[in-house]
Structure formats: structure tokens, C-alpha cells
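Okay, structure first, notes after.
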Amino acid sequence: MSVKHVAMLMGGFSSERPVSLSSGNACADALEAEGYRVTRVDVGHDVASVLAELKPDVAFNALHGPFGEDGTIQGILEYLEIPYTHSGVLASALAMDKAQAKIIAKAAGIPIAEQRLMDRFDFTSAHPMKPPYVVKPVREGSSFGVVMVKEDQSHPPQIITSPEWRYGDSVMVERYIYGRELTCGVMGDVALGVTEVVPQGHAFYDYDSKYVKGGSKHVIPAQISPNIYQKVQTLSLKAHQAIGCRGVSRSDFRYDDRFSENGELIWLEINTQPGMTPTSLVPEMAVHAGHSFGEFLRWMVEDASCLR
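If you number the sequence shown the way my numbering does, the last residue is 808 and the count never jumps.
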């Protein structure tokens, strides 16, 4: 298939709309520089009719969050028979549901933290597990709704049961893993370099650390022992394959090396729609592997298909 016209799917209506617009515009600019005709589509509820009229050769999925990375837009693209980038319907849905992704990861022999699934209204005056722990919405990205509960906190976080909470009623409570934040991208069937993410002025790798300039420092290659480096790459590829991902994905880990170099390495989650902004991790990993941003995106466009 000779790809000439690319529809850049961006924006949308999830909490991550600003990130998606930033990713989409960066990718559109780079693909235009590579010689493609790019139509930027700010995705609304009429996206199926817009795409049916546009008839692009490929849809580049730069959406983030629900609808964009949970299998929904993927299903629409399958129905329209428009080849698209990133993972397919099932892998996207599984990866977006943190609890389901962990069931598959554990079955594949990937180390995960102890966790339990709860209804947010079951949070009472007693801690659901011994602090420190982390509460995460089951189906959100970009660290939206993540609440850290410290060792000395006497009661569970009240925000979880408050009317202001807007991340769904199902939450995951997970043992807090001390240590360093490591992440590794996968491109096709190849694990890229491992990056250590060092938040600057933030307690953890939250939304601002990810997307605000100077919010975090990326160290690539991560300054860790060769065996841990290789283990992160192996587990990232294993998670990508076990969940059935296609194209590009990124796995996140915590590595606790306080007591020994081997330490504890825990897989946190897989992201099937990693950010493509100027501060994003996977484009940096691709550059580290010798691919320019434009070449990397060209590979993604040429890799696009249906039935992913």
C-alpha cells in the first residue's frame, strides 16, 4: 500500500485533550515534512462520518485517554476499513483497564505489585491496605486521579468518595513501590532503550511532570546495571506481546534498589498510546535508537493496518 494521505486523529473529548492536541500537531508537522498529505481531525462524535468523507489512506491515532485508547476509535476504524496506527481493539481495551492488564501480565510471569480492585464508595474510615499505597482510577491515563497515601496518613483519602471525583467508581489500590521510575518503549517487536524519569519538584511522575516543560528529567540510557536494563527491555516486550499490542507501546516500572543492586523491579502498566509531544519519552527512545522523529513516524504510518 502506498500511503499518501494521513488523517491525524487528535483532540477528542477526554481529560487528556490538551496532550492529544500537542501530540497530534507535532506528528502532523513531522509527517508533512516527510512528504505526506496530512488532514488534522479534531475528533468529535461525528468522527465516523468525517472519516468516511475524507477517505484517508491511514488514520494516525494521536488520541489519549478514554475513546482514543480503549478500543472505541479502533472499532470505528475497523468498521470503516481504514488502516490505523498503534494497537487494535482488544489490546487497547485490555491495556486501558489496569486491572485486566495486570491479570494478563501476572499470567505471563511479569512481576506486579499487590493490589485490589474496589468500588470507591467502599472507602471507609479504615485503610483498605497498610500504607503506603496508591489509589488509581482503573481506566484513566496520564496519572489523572492518582492519589498517594503516605505511611503516616491516619485515614483513607477523602477525595475518592467526594462528589468532585470524576474518574469512575472502580478504583485500584496498589502497594506503593519505593524507588526509581523506569520506562521502556517497544517498536514492533523490538524493545527500545530504557529511560529513568526523575520528576523535578514533584512527589511522583504526575501530569505536570509528564507534560510541563522542565517537569521531569529523562535519563537515557538509564544509569542502572546491565542485567536490570536488559530485564526491563525483556519484560516490556513480553507485556507488549502478552496483551497483544501492535506498533508502539511503552511499559512503566518501579525499581527499588535501596538495599541491593538487584532490588525489586515491578511492572506498573502498559501504554498503547504513548505521548508524542516534544517532551515525550518514546520519541526520545526512538532517537536514541537512531531513528529521527520523522523516520519513526514514517515507520508507524507504514506499519498501520486493520485487524490489529
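Even glycine gets a Cβ: it sits at the ideal position worked out from N, Cα and C.
- In this structure Glu761 is in contact with Ser725, their Cβ atoms being roughly 5 angstroms apart against a cut-off of 8 angstroms.
- Along the length of the segment 613–653, whole beta strand (DSSP E) runs at least 3 residues long occupy 615–619, 633–637 and 647–649, reported in chain order.
- The C-beta distance from Ala507 to Met776 rounds to 15 angstroms, too long to fall under 8 angstroms, and the pair is not in contact.
- Secondary structure at Trp799: helix, using DSSP grouped into helix, strand and coil.
- Beyond the five residues adjoining it in sequence on each side, Ala601 comes within less than 7 angstroms, by CB distance, of Leu594, Ala595, Ile743, Glu769 and Ile770 in the same chain, given in chain order.
- Here Met687 has Val748 as same chain residues with Cβ atoms under 6 angstroms from its own Cβ, once five neighbours each way along the sequence are excluded.
- Residue nearest to Lys731 within the set Val698, Cys745, Ile582 and Val694 is Val694 (criterion: CA-CA distance).
- Taking a C-beta distance under 8 angstroms as the contact criterion, Thr772 and Ala591 qualify as a contact pair.
- As computed with DSSP, Thr683 is found in a beta bridge with Thr695 and Asp752.
- Residue range Thr572 to Leu580 is occupied by the alpha helix (DSSP H) that includes Ile576.
- For Asp689, no alpha helix (DSSP H) segment is defined, and its DSSP state is neither H nor E.
- In terms of Cα proximity to Asp546, the closest of Phe623, Gly571, Leu577 and Ser587 is Leu577.
- Per DSSP, reduced to three states, the secondary structure at Tyr729 is helical.
- By the Cβ test, the segment 732–740 is not in contact with the segment 557–573, since fewer than three Cβ pairs between them sit closer than 8 angstroms.
- Per DSSP, Asn525 lies in no beta strand (DSSP E) segment; the continuous alpha helix (DSSP H) that holds it begins and ends at Arg517 to Ala533.
- Between Ser523 and Arg808, the C-beta spacing is not below 8 angstroms.
- Per the C-alpha coordinates, the member of Pro631, Lys636, Ala789 and Asp542 positioned closest to Met618 is Lys636.
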